[in-house]
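K.L.:
Have a look at this one.
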Amino acid sequence: MKAPDGRQTAASARTLGLTAAKTTREAFADVPRFLRLKLALLGGAFRRSPWQVVGLVIASLYGIGMMALLVGGLVAARFVPDVASVRSIVIVVGAAVTTGFLLLPLVFGVDDTLDPRKFALFGIPTDRLAVGLAAGSILSVPAIVLAVCALATVVTWSHGFWLAVLALISAVLATATSVLAARVATAVAGFLLDTRRARELTGVVGVLLVVLISPLVLSLSNVDWGARGFSIMTVLADILRWSPMGAAWAVPADTAVGRGGAAALELLIAIAMLAALWLAWRALVAHMLVTPSRSGEVKTYAGLGWFSVMPATPWGAVAARSLSYWGRDARYWVSLVMIPVIPVIILTAFAVVHAIPGTYPALLPLPIMVLFLGWAAHNDVAYDGTAIWLHVVAGTTGLADRIGRLVPLLFIGIPLIVVGTAVSVYFYGDAHVALALVGVTVCELFVGLGLSSVTSTLTPYPVPKPGDSPFAQPQSVGAAAAVVQGFSLVVIIVLSAPAIVFGVLGVFVDPAWFVSSLWAGLVVGVLALVGGVVGGAAIFNRRGPQMLDAAVKAA
Amino acid sequence: MSSLPETPPEDGPQANPVSPVEPAEEKPASAAKKPAAPRARKPRQTTARAPRSTAASKSGGTSSRSSSSGATAAKPRTTRAPRAPRAKAAPKSKPTPPEPVPEPKPTALGIRQLYKRFGGTIALDGVSIDVPEGSFYGIVGPNGAGKTTMLSIVSGLLRPDSGEVVVHDVDVWKQPEHAKRLIGVLPDRLRLFDRLTGAQFLFYCGTLRGLDAGTVKARVNDLVAAFGLEAAVGRLVADYSAGMTKKIALAAALIHSPRVLVLDEPFESVDPVSAANITEILQKYVAAGGTVVLSSHSMDLIQRICDRVAIIVAGVVLDSGTADEVRGQKTLEERFVELAGGRKAAEGLEWLHSFSE
Chain A
1 MKAPDGRQTA ASARTLGLTA AKTTREAFAD VPRFLRLKLA LLGGAFRRSP
51 WQVVGLVIAS LYGIGMMALL VGGLVAARFV PDVASVRSIV IVVGAAVTTG
101 FLLLPLVFGV DDTLDPRKFA LFGIPTDRLA VGLAAGSILS VPAIVLAVCA
151 LATVVTWSHG FWLAVLALIS AVLATATSVL AARVATAVAG FLLDTRRARE
201 LTGVVGVLLV VLISPLVLSL SNVDWGARGF SIMTVLADIL RWSPMGAAWA
251 VPADTAVGRG GAAALELLIA IAMLAALWLA WRALVAHMLV TPSRSGEVKT
301 YAGLGWFSVM PATPWGAVAA RSLSYWGRDA RYWVSLVMIP VIPVIILTAF
351 AVVHAIPGTY PALLPLPIMV LFLGWAAHND VAYDGTAIWL HVVAGTTGLA
401 DRIGRLVPLL FIGIPLIVVG TAVSVYFYGD AHVALALVGV TVCELFVGLG
451 LSSVTSTLTP YPVPKPGDSP FAQPQSVGAA AAVVQGFSLV VIIVLSAPAI
501 VFGVLGVFVD PAWFVSSLWA GLVVGVLALV GGVVGGAAIF NRRGPQMLDA
551 AVKAA
Chain B
556 MSSLPETPPE DGPQANPVSP VEPAEEKPAS AAKKPAAPRA RKPRQTTARA
606 PRSTAASKSG GTSSRSSSSG ATAAKPRTTR APRAPRAKAA PKSKPTPPEP
656 VPEPKPTALG IRQLYKRFGG TIALDGVSID VPEGSFYGIV GPNGAGKTTM
706 LSIVSGLLRP DSGEVVVHDV DVWKQPEHAK RLIGVLPDRL RLFDRLTGAQ
756 FLFYCGTLRG LDAGTVKARV NDLVAAFGLE AAVGRLVADY SAGMTKKIAL
806 AAALIHSPRV LVLDEPFESV DPVSAANITE ILQKYVAAGG TVVLSSHSMD
856 LIQRICDRVA IIVAGVVLDS GTADEVRGQK TLEERFVELA GGRKAAEGLE
906 WLHSFSE
């Protein structure tokens, strides 16, 4: 790559102007090729299983529908007399969208189809590669939606010819900034987060983000939007317009409300941002081309961890292994993310709507949390990947495998039920309800675990591979995933129905029902747990080769 | 890498003194240590050989090993690695009459008429191989010949369409629980539970096999030393290099002291020093009466270490027998290339020889 650059430098000494033009032209020479490559990659998505295509079509229709709504809104905004409000909304939303383009790849570690390193061996000059890859990334669903919406803002600001021209320039700036920001973020994510540990860490960051955002959503939902919404938006807009993310969106908006001076400054900020992103992108491409993927430092663990805690029997070993994985493997955490968030969301919803009076909402979070907890292991074997061969080869009995895998969920579930019941009762104000809460939650947990024992061996479906980002899409997901997920949730709810119904009767009719709820829950739960584990064990004993086959196909 | 400087020195002390040390441990059950394990089992086989296979199948459980240890020792096959067994046998030498060498050995692993097809492709087309007890059996074949398919069926990982696999008179697919205790497996290209540390992984494999905690810990220590993994036991297996992963998987295959080892590409991406080390471990295991079946692409290696060879091409066994029978006057590689359909003449690539700038 260096050689042609050097030759060009020598040539440029002779005919400077001509060569500069030529270099620019050359830098863009590969753009059509990269656009075609990206189109082929997008098209490849449709050449998969029919169900995936159906999913993609539904997603595309949804995207087009959303886009039509947004464009319609932006066009309609042209005719709103209150230009100041439109200005605030466009700036705030625009800045949020551009920030999203920058942050989402960092948090979720997108799998980059146009990673510069993949082109390292073709010997393409850095400039041409950087331009080509940046251009190619416009052909992605989020970028296209963004570009169309950005163009719609031209209509929004078409209060005059020159304003429209300015809006067009700003729209191009904003789109380019967002797309380049996503490129830089993806490159940084792929480059810095290249190690296994870092990839998994993105999952932790994602979880933390969800948890951290919850209070923000809660506080925002307490704002009286009808009365104070626009003033808050105006304050936000006045801050964000100076930010690199919001500047491009603010140029036509501020011009429209007559703040020409500010708009000029914002235009400068927007151009500087784009230039900075371009330089960063070009530098990253140049650096990545000559840098192989790095390997992270390795952590050392002493002792046997959970293995020294659990009994040294086959089921104890499986339990210790499961516990180690629940603690170390971010893919498992994803299935638990929702659980601490559930009470926040429910209580927020009720606080906003004020639908149910009194303290009844206090009874809702715990059963829903336990429902998802009991459901979390329904695809447990798939998370092992092809490593399940060890259980097959060692002749591990189905019973040992099934019981061992349930231990982590019991370790989490039983304390959750105890503490959760105490907290719920405290907020509800009547101790008798504890019987029904225990009945319902134990039933949900046990039915979930019993069902998991069957489904995880009978119907494993593909999950992200060990070591991948927990949010990575597995290579092939059939309709089986959705069916198994939905089916197992429904079964848990149906089998817990007696305990739930008796509990509801206890709350609204007669507290005597609480005892029935407890017994119904315990009996159904224990029966389902024992039946599920025994049945699942029998299936596991027969299906060793099939489970390995499914894992090999999913890998 | 770490094993490079360590292995040669550690190999010597570890191979010899372990056996004298063992009796000093005054716990006879601890004869169930790794290097000792195959050796300890040997007497059982010597006795088993007289009544032929019935005794062999009965003695499948790993637990019965120590009781008979040292009862009989002198075995004709000790010529391969005479030092170790003799060191142990010497103190208790019982004058056993030497058995006649030419007696045919019982079958350790019988593969009979295996058929397997995947959709339209026939992977195995009636494969039959007889692996005698105490042999070091090499399976060779070109890519896609069905070696891995066959070894997977033997290990109980893949169900055959028809045919049977018998390990010491136990049918792998009819009495899987019993058969699996007799086999140690190293599969190719399958993941390990790599979110465990090396020590945890070995402990896990041993405990899954039903060994008690004390035995597992002792064997893990021995295996770690024998494979030169001391520096790596505290790290996650996911952080291992390819060669180290192979080594720990091989160690895991040995931990329950199986009677037959089924190893798919055990030397792939293993450095030469470690490979020599592993070879020695396996040779001692065979010398003590264990049976090794392995596949490899390295003809030199197979010719050097295996006493029996089978050549598989397109799901059919083209030749099998002792290494010398199979290769005749040629090298194994020449014989293999001849059977596998010869080489393609490298024509039509002339442009490759006029280099671009």
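Taken in sequence, the protein lines are chains A and B. This note's numbering numbers the first residue of the first sequence as 1 and each following residue consecutively. This note's numbering numbers the first residue of the second sequence as 556 and each following residue consecutively. Just so you know, even glycine gets a beta-carbon here, dropped at the ideal spot from N, CA and C. What you are looking at is a predicted structure, and each value in this text was computed from that prediction instead of being measured.
Mind checking Asp767 (chain B): buried by the 16 CB within 10 Å criterion, or exposed?
P.N.:
It counts as exposed.
K.L.:
Taking only beta-carbon atoms, is Leu548 (chain A) less than 8 angstroms away from chain B?
P.N.:
It does: the Cβ of Leu548 (chain A) has a partner Cβ on chain B nearer than 8 angstroms.
K.L.:
Applying the criterion that 16 or more other CB atoms from any shown protein chain within 10 Å of the CB defines a buried residue, is Lys118 (chain A) buried or exposed?
P.N.:
It counts as exposed.
K.L.:
Just tell me which of A:Val504, A:Ser452 and A:Met369 has its CA closest to the CA of Val530 (chain A).
P.N.:
Among A:Val504, A:Ser452 and A:Met369, the Cα nearest to that of Val530 (chain A) is on A:Ser452.
K.L.:
With burial defined as no fewer than 16 other Cβ atoms inside 10 Å of the residue's Cβ, what is the status of Trp906 (chain B): buried or exposed?
P.N.:
Exposed: under 16 other Cβ atoms inside 10 Å.
K.L.:
Does the region 745 to 762 of chain B come close enough to the region 305 to 321 of chain A to have 3 or more Cβ pairs within less than 8 angstroms?
P.N.:
With the cut-off at 8 angstroms, the region 745 to 762 of chain B and the region 305 to 321 of chain A touch.
K.L.:
Given a threshold of 16 other Cβ atoms within 10 Å of its Cβ, counted over all protein chains shown, does Leu69 (chain A) qualify as buried or as exposed?
P.N.:
Leu69 (chain A) comes out exposed.
K.L.:
Does the region 154 to 170 of chain A touch the region 184 to 191 of chain A, meaning 3 or more C-beta pairs lie closer than 8 angstroms?
P.N.:
Too few Cβ pairs lie closer than 8 angstroms, so no.
K.L.:
How about Pro244 (chain A) and Met273 (chain A): do their beta carbons lie closer than 8 angstroms?
P.N.:
The answer is yes: Cβ separation under 8 angstroms.
K.L.:
Kindly indicate the opening and closing residues of the beta strand (DSSP E) around Lys299 (chain A).
P.N.:
Note, Lys299 (chain A): premise wrong, no beta strand (DSSP E); not H, not E.
K.L.:
Which full runs of the alpha helix (DSSP H) of 4+ residues lie inside the region 788 to 851 of chain B, going along the chain?
P.N.:
Those alpha helix (DSSP H) runs which fall completely within the region 788 to 851 of chain B and span 4+ residues are 797 to 809 and 827 to 842.
K.L.:
Apart from the five residues just before and just after Ala520 (chain A), which ones in its own chain have a Cβ nearer than 6 angstroms to its Cβ?
P.N.:
Excluding residues within five positions, the ones whose Cβ falls inside 6 angstroms are Pro498, Ala499 and Phe502.
K.L.:
Any beta carbon from chain A within less than 8 angstroms of Cys861 (chain B)'s own beta carbon?
P.N.:
No, Cys861 (chain B) does not count as interfacial toward chain A.
K.L.:
Given that Tyr325 (chain A) touches chain B, what residues does it touch there, using C-beta distances under 9 angstroms?
P.N.:
The answer, in chain order, is Phe748, Arg750 and Leu751.
K.L.:
Could you check what DSSP says for Asp329 (chain A) in three-state terms: helix, strand or coil?
P.N.:
Coil.
K.L.:
Check whether the Cβ atoms of Gly413 (chain A) and Leu373 (chain A) sit closer than 8 angstroms, and answer yes or no.
P.N.:
A contact, by the Cβ cut-off of 8 angstroms.
K.L.:
Have a look at Val892 (chain B) and Ile867 (chain B) and give me their C-alpha separation to the nearest angstrom.
P.N.:
When rounded, the distance between both Cα atoms is 12 angstroms.
K.L.:
Exposed or buried, Pro593 (chain B), counting other C-beta atoms within 10 Å across all chains shown (16 or more means buried)?
P.N.:
Any reading at Pro593 (chain B) needs caution, since the residue's pLDDT is 41, under 50, leaving its predicted position unreliable; the model's value is listed next. Buried: at least 16 other Cβ atoms inside 10 Å.
K.L.:
Can you find a C-beta in chain B that's less than 8 angstroms from the C-beta of Trp333 (chain A)?
P.N.:
So, not an interface residue.
K.L.:
Taking the alpha carbon of Val148 (chain A) as the reference point, which residue from A:Ala263, A:Trp281, A:Val290 and A:Gly73 has its own alpha carbon closest?
P.N.:
Answer by Cα proximity: A:Gly73.
K.L.:
Classify Thr634 (chain B): buried if its beta carbon has 16 or more other beta carbons within 10 angstroms, exposed otherwise.
P.N.:
Confidence in Thr634 (chain B) is poor, its pLDDT being 39 and thus under 50, which makes the residue's placement unreliable; the coordinate value appears in the next sentence. Counting Cβ neighbours within 10 Å, Thr634 (chain B) comes out exposed, since fewer than 16 surround it.
K.L.:
Are Val145 (chain A) and Met233 (chain A) touching if we call contact CB-CB under 8 angstroms?
P.N.:
No. Outside cutoff.
K.L.:
Can you tell me whether Leu747 (chain B) is buried or exposed? The criterion is at least 16 other CB atoms within 10 Å of its CB, across all chains shown.
P.N.:
Leu747 (chain B) is buried by the Cβ-count criterion.
K.L.:
With a threshold of 16 other CB atoms inside 10 Å of the CB of Pro715 (chain B), please say whether the residue is buried or exposed.
P.N.:
Its Cβ being crowded by 16 or more others within 10 Å, Pro715 (chain B) is buried.
K.L.:
Is the beta carbon of Val433 (chain A) closer than 8 angstroms to that of Leu363 (chain A)?
P.N.:
Yes, they are a contact pair.
K.L.:
Counting contacts by CB-CB distance shorter than 8 angstroms, is Gly123 (chain A) in contact with chain B?
P.N.:
For Gly123 (chain A), the answer is no, since every Cβ of chain B falls outside 8 angstroms of its Cβ.
K.L.:
In angstroms with no decimal places, state the Cα-to-Cα distance between Ala96 (chain A) and Trp281 (chain A).
P.N.:
Going from the Cα of Ala96 (chain A) to the Cα of Trp281 (chain A) covers about 21 angstroms.
K.L.:
Using the C-alpha atoms, what's the distance from Thr386 (chain A) back to Val552 (chain A)?
P.N.:
So the alpha carbons of these two residues sit roughly 6 angstroms apart.
K.L.:
Among A:Pro252, A:Pro116 and A:Ala164, whose alpha-carbon lies nearest the alpha-carbon of Ile89 (chain A)?
P.N.:
Comparing Cα-Cα distances from Ile89 (chain A) to each of A:Pro252, A:Pro116 and A:Ala164, the minimum goes to A:Pro252.
K.L.:
Applying the 10 Å Cβ sphere with the 16-neighbour rule, what's the burial state of Ile403 (chain A)?
P.N.:
Classification for Ile403 (chain A): buried.
K.L.:
State the beta-bridge partners of Ile867 (chain B) as determined by DSSP.
P.N.:
In DSSP, Ile867 (chain B) forms a bridge with B:Val872.
K.L.:
Quick one: does Val771 (chain B) have its CB under 8 angstroms from some CB of chain A?
P.N.:
Closer than 8 angstroms to some Cβ of chain A, the Cβ of Val771 (chain B) qualifies, so yes.
K.L.:
What does the Cβ neighbour count give for Thr668 (chain B), buried or exposed, with the cut at 16 atoms within 10 Å?
P.N.:
The sequence shown places Gln at residue 668 (chain B), rather than the Thr named in the question. The residue is exposed, with fewer than 16 neighbouring Cβ atoms inside 10 Å.
K.L.:
With distance defined between alpha-carbon atoms, name the residue in B:Asn776, B:Lys801, B:Leu809 and B:Glu835 nearest to Gly303 (chain A).
P.N.:
Gly303 (chain A) has its Cα closest to that of B:Asn776, out of B:Asn776, B:Lys801, B:Leu809 and B:Glu835.
K.L.:
Taking only three categories from DSSP, how would you classify Asp680 (chain B)?
P.N.:
Three-state result, Asp680 (chain B): strand.
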